[in-house]
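The block underneath contains the structure these notes are about, expressed in structure tokens.
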Amino acid sequence: MRPGIVAKVLSLVTTVVSVFLLWGMAWAAWDRSADLAGLAGALGVGLALSAFLFFLGRHAKASDLGPREAFAVVTLSWILCSGIGGLPFYFHGTVPTYTDAFFEAMSGFTTTGASVLTNIEANPRGILFWRSLTHWLGGMGIIVLSLAILPFLGVGGMQIGRASCRERVCSVV
Numbered sequence: 001m002r003p004g005i006v007a008k009v010l011s012l013v014t015t016v017v018s019v020f021l022l023w024g025m026a027w028a029a030w031d032r033s034a035d036l037a038g039l040a041g042a043l044g045v046g047l048a049l050s051a052f053l054f055f056l057g058r059h060a061k062a063s064d065l066g067p068r069e070a071f072a073v074v075t076l077s078w079i080l081c082s083g084i085g086g087l088p089f090y091f092h093g094t095v096p097t098y099t100d101a102f103f104e105a106m107s108g109f110t111t112t113g114a115s116v117l118t119n120i121e122a123n124p125r126g127i128l129f130w131r132s133l134t135h136w137l138g139g140m141g142i143i144v145l146s147l148a149i150l151p152f153l154g155v156g157g158m159q160i161g162r163a164s165c166r167e168r169v170c171s172v173v
């Protein structure tokens, strides 16, 4: 596996997630609420991480992405996006620990809908917008994965369906 290629592609993914924080920041600025600082801090950390990853992969060509690198990118994207996505919850104080913030973001990006928040509506609207946006981005990520990345790797719907069948006993997917 070539880590430089992985770092370069991850820099793009983390930049996209970081830039989407601007939507929540715009909402918080419009509302003049205290969550603007948490969203801005997360944007700063996300862009710094993106710049660092780009620096690590500066000599790599993203067009040389192979199957091993693609699997690493997909796996690390979930982790890094959730790491960045949880920062607004933690910086604002929506949740008491970063672990809870990471869980909240991972829940959004994986579109599971699980939450550690008990009174969701009590949070500022910038944070609520960011939380909703993580679910939307997660849904779009699944679509991009199934339409763009999996066919590139030679894995389509039929291959996934066959992989779920073992010894003539198929599981319901």
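When the letters of the sequence shown are read in order and numbered with our numbering, they come out as residues 1 to 173.
We treat Cβ as the ideally placed atom computed from N, Cα and C, and that holds for glycine.
Bear in mind that the values here come from a model prediction, so they are computed numbers and not experimental data.
- Taking the Cβ atoms as the reference, S50 lies roughly 4 Å from T15, within the contact range of under 8 Å.
- Here the alpha carbon of S63 sits roughly 20 Å from the alpha carbon of G141.
- Bounds of the alpha helix (DSSP H) holding K8 are 3 to 31.
- Secondary structure of P96 (DSSP, three-state): coil.
- D35 sits close to I127, with the two beta carbons spaced by under 8 Å.
- Around the beta carbon of A122, fewer than 16 other beta carbons sit within 10 angstroms, so the residue counts as exposed.
- Taking the CA atoms as reference points, V6 sits about 22 Å from A42.
- Bounds of the alpha helix (DSSP H) holding T75 are 67 to 85.
- Linking L87 to E69 through their CA atoms gives a straight-line distance of about 27 Å.
- Collapsing the DSSP output to three states places L47 in a helix.
- Rounded to whole angstroms, the Cβ separation of V116 and F103 is 6 Å, and the two are in contact under 8 Å.
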